[in-house]
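Just so you know, we're using our numbering here: the first sequence kicks off at 162 and counts up by one.
Ideal placement from N, C-alpha and C gives every residue a C-beta, glycine not left out.
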Amino acid sequence: MVLECAAQPLAGSGTAAAGVAPVQQQVSPATNSSGNTCELVYSRPGSSGSSGRTPVLQAAPRRPTAAPATVAGQPGADPRLVRLTQQLVARAGKPADMRVLLAGQSLEAADVRRLLTYLDRQGAADVALDAFHAMKALPQFDMDDPVLRTKLIKMHSRRPKDTAAALALYDEMVADGVAPDAVCYNITLGTAGLGHHWGRVLSILGDMQAAGVQWDAFTCSALLSACQACGQWEQALEWFRQAQAVPGLQLNVVHYTTLMSCLQKAGQWEQSMRVFKEMEGQGIVPDVVAHNAAIAACAKGGEWEKAWAVFLAMKQAGLRPSTVSYNALISACERCGQADRALEVFASMQRQQVAPNTVTYNTAISACAKAGLYARAQALHAEMQAAGVPDDVFTLTALITACERIGHWQGAEQHFLEFQQRGIQPNTVVFNRLISALGRGGQWEQALAAFHAMQQPGAEQQQRQPEGGRRAAGGGSGRASQECRADSSNSSSSSSSSSSNSSSSSSSSSSNSSSSGSKVDPPFPSSQPAAAAAAAAAAVAAPPRREASAAAPAPAGQKQRARRRGARGSSSDSDSDGPEPVVYPPSSTARPDRITYGSLIAALERGGQWERALAVFEDMLAQGIQPNGYIFTSLINACEKGGQWETAVKLFKAMQQQDIPLDSMAMVARKALYAFPSLIKNMPAPLLDAARATVDTGRAARQWIEKKRDDS
DNA sequence: ATAGGGTTAG
């Protein structure tokens, strides 16, 4: 309601998508510099932010499909270069063949430039690179044109993983004595930033200054973008002030917006808002994108009312909020736990005929999830699919979170499997949410199974052996995944790999544990390493429940999983031994992090599995992952439940040797004060004071709440 | 051959 009261002409009808600039820097190489798309080469179905979808509104296709833009179809294309382009592409990955082909050619620098452009349109940056080197080795080509060099660098600057090649081209250029001009420096600076090569940003800027090339507006823009990518907000402020002092350099709305975004991403949302106001003070009129940055800053600061105010101000200024504007505002509401507001904004967006995209739905679903509105979250997901807006891992994360919030672990599992069947690979965050949801549902066995599935190499990765070898050498991770295979053979999974692995698992576990002990400082003072290793091996071992299902024969694969899920969902009467545990398919992409271990340990703590919790803890240390206060708290609680106060004391001592922030320590100490008064003598005085303070604070809070209750 | 905005976490 409120959102629309600012008089707003019903904006040019069906062009809902027009204002929706898909941001996605470096996204798909599909979009080239001239805005043409080489969809045939690179189209990525999943790349979201797709502005083109106007699901709710019109069904009409946007444009009457023009013939796919091939190079040959371009007006004015040089047929000779077109042919050469195709011949080079046909020799992709064969630089020697390229050289043979090119040996019979002779091209002016301008023609080489054009050739590179054609290759770029084909999405063949790698071919261009090989062709470039082939030509450089041939005497008839003059490759010292800085524009040509720059173009080649630019071709490798779109995806972060290509940026190393781009920077190598810059180095090669310098080594060849070809002097970069301002444009080349600007592009290379931007490339280094995109690839998070902060050191290179600084060195290239040094080159530029040494060459006496002045900053221009693009230099400043590239530097600010680099700061954003590398999290260097203080340097961004510094350079911004420096640029303000450069004569003839007028900072514009793009500069201000980039700086705002940099600050906001670094957690400096108040500074970001200050920059927004400074921009207005300088007489620079903020556009939609600048407003979006301001809304995002408020969102990060947890100030949804401020975000709302900026949104309204934008409308008052006669600007039409874009999809991103709405997304930012919905996010602000989501972060503040204002699910109703978030849904209100979402509804308003649809009334205003602004097309929601993947991010919109994800954020709205997440808002519902946090509020425990699982049915609403599901409805939004269904609507999303009906509208043809692709869902992704963020959607899955939100749905699992929604299940977790209401204690519906079965739902979490179902969403996980359903997404995976549709080819959406779970990432670490998804696994973390799943493990947490299972743990909160009391399903520690399944949480452990999910953890193991996470570490198993997925289908594509199993072919690439070297990586697995590297990982196994690292320590406990290899052990855990081998254990997993061993126990999944019980429950029926893979047929061939189990026999060989089950025998090796015990020996590998002990060797891994001992190697890990020397590698990482053991914060948990395992005075008897052998005993600790044995405990670890025992505790990570197969959940007992799985053995019940050994009877099931088992081809691994999609059909089987679907069948299992069906059988499970249909009723609880499945066969003889009660519900069959779901087998999580191995994952390729996800690696456990601190949150994974924390969630798993919490799950085991809830299940009263203090030994397993300790074993997982050991595994975590072996991975080189530092524990935090949350994890120590879970472990100490687990020991409390198990009556293991001596272990708790050890953990507490270990915790003191770690770099745990003092407030976390105080939290644990506070718990310890209640649970293990005998710990008091082990606590250093300041910590004890802190613990008592938190106890007092809690007491004060309770008194305050009770007083309020009495008042009302 | 050159720049900006929005989403997930115990």
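> In this structure, does DSSP put Gly603 in helix, strand or coil?
Replying inline: Correct three-state label for Gly603: coil.
> Is it right to say Asp332 is buried, meaning 16 or more other beta carbons lie within 10 angstroms of its own, or is it exposed?
Replying inline: Sixteen is the threshold: since fewer than 16 other Cβ atoms of the shown chains lie within 10 Å of the Cβ of Asp332, the residue is exposed.
>> Does Gly237 pass the burial test, meaning 16 or more other C-beta atoms within 10 Å, or should it be called exposed?
In response: Under this definition Gly237 is an exposed residue.
> Under the three-state reduction of DSSP, which class applies to Pro517: helix, strand or coil?
Replying inline: coil
> Does the Cβ of Pro408 have 16 or more other Cβ atoms within 10 Å, making it buried, or fewer, making it exposed?
Replying inline: exposed
> In angstroms, rounded to a whole number, what distance separates the CA positions of Thr562 and Ser483?
Replying inline: 28 Å
> Which whole-angstrom value is the C-beta distance of Asp305 and Asp342, which I expect to be below 8 Å?
Replying inline: Not really, about 13 Å apart at Cβ, beyond 8 Å.
> Which residues mark the beginning and the end of the alpha helix (DSSP H) in which Lys312 is found?
Replying inline: Pro307 to Met316
>> Does Gly572 come out as helix, strand or coil in the three-state DSSP assignment?
In response: Reduced to three states, the DSSP call for Gly572 is helix.
> Is Phe580 helix, strand or coil when you go by DSSP?
Replying inline: In the three-state scheme derived from DSSP, where H, G and I count as helix and E and B as strand, Phe580 is classed as helix.
> Rounded to a whole number of angstroms, what is the C-alpha to C-alpha distance between Cys381 and Cys423?
Replying inline: 13 Å
>> Which same chain residues end up closer than 6 Å to Ala286 when comparing Cβ atoms and leaving out the 5 residues on each side of it in sequence?
In response: Met316 and His317
> How about Val554 and Val591: are their beta carbons less than 8 Å apart?
Replying inline: yes
> By the 10 Å Cβ neighbour count, where 16 or more other Cβ atoms means buried, how is Ser267 classified, buried or exposed?
Replying inline: exposed
> Given Ser386, which residues of its chain have a CB within under 7 Å of its CB, disregarding the five upstream and five downstream residues?
Replying inline: Gly351, Gly354 and Thr419
> Between Gln770 and Trp605, is the Cβ-Cβ spacing less than 8 Å?
Replying inline: yes
> When you compare only the Cα positions, how much space is there between Ala327 and Arg282?
Replying inline: 17 Å
>> Only counting the same chain, and skipping five residues up and downstream in sequence, which positions put a Cβ closer than 7 Å to that of Trp394?
In response: Counting only residues of its own chain and dropping the five nearest sequence neighbours on each side, Trp394 has a CB closer than 7 Å to the CB of Cys388, Cys423, Leu424, Ala427 and Gln429.
>> Contact between the segment 496 to 504 and the segment 470 to 477 is defined here as three or more beta-carbon pairs at a separation below 8 Å; is this criterion met?
In response: no
>> Using the three-state DSSP reduction, which class does Trp806 fall into: helix, strand or coil?
In response: Residue state, collapsed to three classes: helix.
> So the alpha helix (DSSP H) Val450 belongs to, where does it begin and stop?
Replying inline: Val449 to Lys461
> Met304 by DSSP, collapsed to three states: which one?
Replying inline: coil
>> Our contact map puts Arg566 next to Ala528 with C-beta atoms below 8 Å; I'd like the distance itself, whole angstroms only.
In response: Actually they are not in contact, since the Cβ atoms of Arg566 and Ala528 sit about 12 Å apart, beyond 8 Å.
> Who are the Cβ neighbours of Trp359 in its own chain at under 6 Å, not counting the five residues just before and after it?
Replying inline: Cys391
> Cβ of Ala460 within 8 Å of Cβ of Ser492?
Replying inline: yes
> Considering only residues of the same chain and omitting the five flanking positions on each side of Glu439, which have a CB-CB separation below 8 Å?
Replying inline: Non-local beta-carbon contacts of Glu439 in its own chain, meaning distances under 8 Å to residues more than five positions away in sequence, involve Tyr417 in chain order.
> Buried or exposed: Pro300, going by 16 or more other Cβ atoms within 10 Å of its Cβ?
Replying inline: exposed
>> Rounding to the nearest angstrom, what Cα-Cα distance links Cys497 and Thr278 in this structure?
In response: 48 Å
> Where do the N-terminal and C-terminal ends of the alpha helix (DSSP H) with His416 fall, by residue?
Replying inline: Val414 to Lys426
> What is the DSSP secondary structure of Arg223, reduced to helix, strand or coil?
Replying inline: The pLDDT assigned to Arg223 is 36, lower than 50, so where the model puts this residue is not dependable, and the model offers no usable value.
> Using the rule of at least 16 other Cβ atoms within 10 Å of the residue's Cβ for burial, across every protein chain shown, is Asp291 buried or exposed?
Replying inline: It is buried - the Cβ of Asp291 has at least 16 other Cβ atoms within 10 Å.
> Would the beta-carbon of Ser509 fall within 8 Å of that of Val449?
Replying inline: no
>> Rounded to the nearest angstrom, what separates Arg631 and Ala783 at their Cα positions?
In response: Unreliable positioning characterises Arg631 in this predicted model, as indicated by a pLDDT of 32, which lies under 50. The coordinate reading is nonetheless provided below. About 15 Å.
>> Please state the DSSP three-state secondary structure of Asn593.
In response: helix
> Just the Cα atoms here: how many angstroms apart are Ala751 and Asn593?
Replying inline: 10 Å
> In three-state terms, what does DSSP make of Cys497?
Replying inline: coil
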